Every structure is written in C-alpha cells, then in structure tokens.
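Q: After the structure tokens below, expect a handful of questions from me.
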Amino acid sequence: MKLIIYKQDLPEPLERFMRHAGYAPHLDSFVRRLTRLEYPRFHVYLKEEKDRVIINLHLDQKKPSYGGGTHAHSGEYDGELVRGEIGRLKELLIELLDAQSVLDI
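Numbering (the working numbering), first residue to last: 294 to 398.
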C-alpha cells in the first residue's frame, strides 16, 4: 500500500520522520517490528519524486525464502494491519504538521 506526501508538507527530513514513526533503517529501506522477534514487521521503501515522496509499505510475515529457483516472499501489501499502519503514519503526519495534502493510493 502506498502513501503519497508532498515534500512541502513534510514536518521534518524524511529519514527523521521514519525514525519518529518507530522505523529503523534496513539496507535501502526501513522496518518496524510488531513484536520483539524479527518477523512479522512492517517494511517501507521510499521513493522521492520532484515534489512528493511515495512511502511503499508492506507487511513481512516471515523471512523470505529464496533458493531452488523460487522467489518466495511472504509480503502482505493490503489488509487490516497494513491499512492500520498507513492510517497511523497519516495521523502522525497530521499531528506533526497538520498536513492536509496527504493522499493514499
């Protein structure tokens, strides 16, 4: 699921916002664990465009199992937990800056 934020509405640098939201850097992305275990966790990829940022979020249920010619990824891109997390991020943005131009697609 994606969340679009116009750069002018970012209350702070994007990486700081992600940390503020409870995410930790992970390679070229950010993750937030749901429990003390490594999985399940929310996994976010950021894409910056000219005037906006796209937060692409999914839920990793378990560690990907690659091998044997298959690419099994147990990511959930929609669902109650994912929609709830998108809602939490939107609320945090609104709380931090009272942003009115936050769109989800």
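Beta carbons are placed, not taken as given, at the ideal position from N, Cα and C, and that holds for glycine. Computed from a prediction, not measured in an experiment: that's the story for all the values here.
1. Do Tyr332 and Gln354 count as a contact pair if the criterion is CB distance below 8 Å?
2. My assumption, with CB atoms under 8 Å, is that Leu374 sits in contact with Pro304. Please give the rounded CB distance.
3. CB-CB under 6 Å to Met311, same chain, minus the five flanking residues each way: which ones, in chain order?
4. With a CB to CB cut of under 6 Å and the five nearest residues on each side skipped, what residues in its chain are close to Arg326?
5. With DSSP collapsed to three states, give me the class of Leu296.
6. Just to confirm my understanding: we take Asp321, look at its own chain, exclude 5 residues before and 5 after, and list those with CB closer than 8 Å. What are they?
7. Taking just the CA atoms, how far does Met294 sit from Arg376?
8. State the Cα-Cα distance for the pair Arg405 and Gly368, rounded to the nearest angstrom.
9. Which value, in whole angstroms, describes the spacing of the CA atoms of Asp372 and Arg381?
10. In angstroms, rounded to a whole number, what distance separates the CA positions of His336 and Tyr370?
A: Checking against the coordinates, here is how it stands:
1. yes
2. The pair is not a contact, with the Cβ atoms about 25 Å apart (cut-off 8 Å).
3. Phe323
4. Arg334
5. strand
6. Tyr338
7. 8 Å
8. Any question about residue 405 goes unanswered here, given that the chain covers just 294 to 398.
9. Correcting the residue type first, residue 372 is Gly in the shown sequence and not Asp. If you take the alpha carbons of Gly372 and Arg381, they lie about 14 Å apart.
10. 10 Å
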